[in-house]
Structures are given as C-alpha cells and as structure tokens.
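Visitor: Submitted below is the structure of interest, expressed as structure tokens.
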C-alpha cells in the first residue's frame, strides 16, 4: 500500500500548480482521499476531501475557490489543482487515504510547494 | 470550526517514565484520532476511535476520553517514542488537528 506525491516545487505568487498522488497496493476507487498540508515548522492542516467517485468535494474555507481536488480512478491517481498561489500556501502537501471508522491510515511522503518570487 | 488544544506543547521524558498528552476541544467530538510524526517523516495513524491502537503500535500506548477532553498515554516511555503527536477530529467539518505535542527524550 503506497501513495506517492509529485508536482511540487518553487512557484511565483499568483501562478498555478497541479499536484499528483499515485496510489498502489489497494483498490483506489473504494476510498475517499484527502490532502493535508504542513507549513514549515508548523502543524498539520486539512485542505481537501475527495469522495470515491470524485463527485463530492470538500474544502477548508481558506482554500475554497482556489483549490480543486479531483481523481482518476482508472489511473489510481489523486490530484490537487492550486490556483492563485499565495505565500501562505508554502507547505508540504500530503496525500492520504481515508479509511472510514479507522482514520487517515495511509500517508504519502509529501511534496513540497514553495511560493516565492 | 472545532479548535483542538494540546498540552503540553513540549514534554521531556526519561525512559521508563509515564507520559500523558491531553487534547481539549472547543466543542464536543465523538471520537479522537492521534498521529505520530517523527522528524522529516510523514505522519502515521497511531490511535483511532479514541482508544484503538493502529496496526503495529506498541501496547504501552493507550488513548481515552470523551466529549471535549481526550488523552494519549505512554505507560513506559521508550527511546523510539520521541516524536510529535497530533490529535485530530472529524466529527465536524472542517477536520482539525491539534497544534502538536513534541515528546523529547531526556
């Protein structure tokens, strides 16, 4: 069971970025998936939740309208599109599996996003 | 938004010592979840449904609580337990985490 994020890097304020998360070792389409971020030296912050079919999306207020979660179950891949990037979006972004009644039980290694001019 | 406040923020413990971390919510939650994060690594699910240990978690760990007050206890501290621990709730959106408790080895 594994989650591998990619797509992070250094980006200028106002630009866009799309993060990917490749899942393996489990039936991806059976699980809700989520994104959690962690700013440097800070705690964890939930960002988005994506339903099994990708048709129900939930976001924290501070990112709603700029972040778009999606998934491709045929490719077992989760995505996070981030638009109008701000300095406060600088963080490591973790992809994770949501196991109902059990918790966020599988985490990726994270991908780092730095927003700076 | 339910705010989770962990205490203490930092704790220094000796091997063999009993350790307790507290997580208090601004509103009642049904269950509490705990995650362990070691330096430079991803968080790991540690305790779910308030008191159930995730796979591979040593039984010196335990969780308890209800309503707005929850705790994680290590019966006898071991070297490998040094890490940051976060509580988390998903009773109410947005899901929130506590600020973390850094457990250091004396």
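Residue numbers (the working numbering), protein chains in the order written: chain U, 1 to 117; chain Y, 1 to 106. Where is the CB? At the ideal position from N, CA and C, for every residue including glycine.
1. Just to confirm, are residue 86 of chain U and residue 77 of chain U a CB contact at a threshold of 8 Å?
2. Go ahead and pull the three-state DSSP assignment for residue 29 of chain U.
3. On a CA-only basis, which of U/116, U/16, U/20 and U/14 is nearest residue 7 of chain U? Give me that one, please.
4. Please list the residues of the region 45 to 59 of chain Y that have a C-beta atom closer than 8 Å to any C-beta atom in chain U, keeping them in chain order.
5. Report yes or no: do three or more beta-carbon pairs, one from the region 39 to 57 of chain U and one from the region 7 to 23 of chain Y, lie closer than 8 Å?
6. Rounded to the nearest angstrom, how far is the Cβ of residue 103 of chain U from that of residue 48 of chain Y, given a contact under 8 Å?
7. Going by beta carbon distance, what residues of the same chain come within less than 6 Å of residue 19 of chain Y, once the five residues before and after it are set aside?
8. Would residue 12 of chain U be called buried (16 or more neighbouring beta carbons within 10 Å of its own) or exposed?
9. Output, in chain order, the set of chain U residues within a Cβ distance shorter than 9 Å of residue 107 of chain Y.
10. Thinking C-alpha only, which one of U/117, U/116 and U/111 is nearest residue 35 of chain U?
11. Report the option in U/69, U/107 and U/117 whose CA atom is closest to the CA atom of residue 56 of chain U.
12. Do you know how far the Cα of residue 97 of chain U is from the Cα of residue 36 of chain Y?
13. Quick one: list the residues of chain U neighbouring residue 43 of chain Y, beta-carbon separation under 9 Å, in chain order.
14. Whose C-alpha, out of U/66, U/29 and U/37, is nearest the C-alpha of residue 50 of chain U?
15. What's the call for residue 88 of chain U, buried or exposed, on a 16-neighbour Cβ count within 10 Å?
16. With a threshold of 8 Å, are at least 3 pairs of Cβ atoms found where one atom belongs to the region 22 to 39 of chain Y and the other to the region 64 to 74 of chain Y?
17. Using a Cβ-Cβ distance under 8 Å, would residue 33 of chain Y count as near chain U?
18. Would you mind stating whether residue 120 of chain U and residue 4 of chain U have Cβ atoms separated by less than 8 Å?
19. So is residue 110 of chain U in contact with chain Y if we call contact Cβ pairs under 8 Å?
20. Please state whether the Cβ-Cβ distance between residue 63 of chain Y and residue 34 of chain Y is less than 8 Å.
21. Give the single residue among U/74, U/83, U/79 and U/52 whose Cα lies nearest to the Cα of residue 64 of chain U.
22. At what residues does the beta strand (DSSP E) containing residue 44 of chain U begin and finish?
Guide: Quick answer:
1. Within the first chain, the letter at position 86 stands for residue 86 of chain U. Within the first chain, the letter at position 77 stands for residue 77 of chain U. Against a cut-off of 8 Å, the Cβ pair of residue 77 of chain U and residue 86 of chain U comes out as no contact.
2. By 1-based counting over the first chain, the position of residue 29 of chain U is 29. In this structure, residue 29 of chain U counts as helix in the three-state DSSP scheme.
3. Translated into positions along the first chain, residue 7 of chain U becomes position 7. Per the Cα distances, U/20.
4. 45, 48, 49 and 54
5. no
6. Counting from one through the first chain, the residue named residue 103 of chain U turns up at place 103. Counting from one through the second chain, the residue named residue 48 of chain Y turns up at place 48. Between residue 48 of chain Y and residue 103 of chain U the Cβ distance is about 4 Å, and since that is below 8 Å, they are a contact.
7. Here residue 19 of chain Y refers to the residue found at position 19 when the second chain is read from its first residue. Hits under 6 Å: 13, 74 and 77.
8. The sequence position of residue 12 of chain U within the first chain is 12, counting from 1. That one is exposed.
9. Outside the displayed range of chain Y (1 to 106) lies residue 107 of chain Y, so it cannot be described from this structure.
10. Along the first chain, one-based indexing puts residue 35 of chain U at 35. Answer by Cα proximity: U/111.
11. Numbered from 1 along the first chain, position 56 holds the residue referred to as residue 56 of chain U. Closest in alpha carbon position to residue 56 of chain U, among U/69, U/107 and U/117, is U/69.
12. For the purposes of this step, residue 36 of chain Y is taken as residue 36 along the second chain, with counting starting at 1. For the purposes of this step, residue 97 of chain U is taken as residue 97 along the first chain, with counting starting at 1. Rounded to the nearest angstrom, the two C-alpha atoms are 16 Å apart.
13. The count along the second chain starts at 1 and reaches residue 43 of chain Y at position 43. The answer, in chain order, is 36, 38, 44, 94, 96, 104 and 107.
14. Counting from 1 along the first chain, the entry for residue 50 of chain U is found at position 50. Measuring C-alpha to C-alpha distances from residue 50 of chain U to each of U/66, U/29 and U/37 identifies U/29 as the nearest.
15. Within the first chain, numbered from 1, the residue matching residue 88 of chain U stands at position 88. Exposed is the call here.
16. Yes, the region 22 to 39 of chain Y touches the region 64 to 74 of chain Y.
17. Along the second chain, one-based indexing puts residue 33 of chain Y at 33. Under the 8 Å criterion on CB atoms, residue 33 of chain Y is classed as interfacial with respect to chain U.
18. Outside the displayed span of chain U (1 to 117) sits residue 120 of chain U, for which this structure offers no information.
19. Counting from 1 along the first chain, the entry for residue 110 of chain U is found at position 110. Closer than 8 Å to some Cβ of chain Y, the Cβ of residue 110 of chain U qualifies, so yes.
20. In the second chain, the residue the question calls residue 63 of chain Y occupies position 63. In the second chain, the residue the question calls residue 34 of chain Y occupies position 34. Going by C-beta atoms, residue 63 of chain Y is nearer than 8 Å to residue 34 of chain Y.
21. The residue you call residue 64 of chain U lines up with position 64 of the first chain. It is U/83 whose Cα lies nearest to the Cα of residue 64 of chain U.
22. The residue labelled residue 44 of chain U in the question sits at position 44 within the first chain. Segment 44 to 50, the beta strand (DSSP E) holding residue 44 of chain U.
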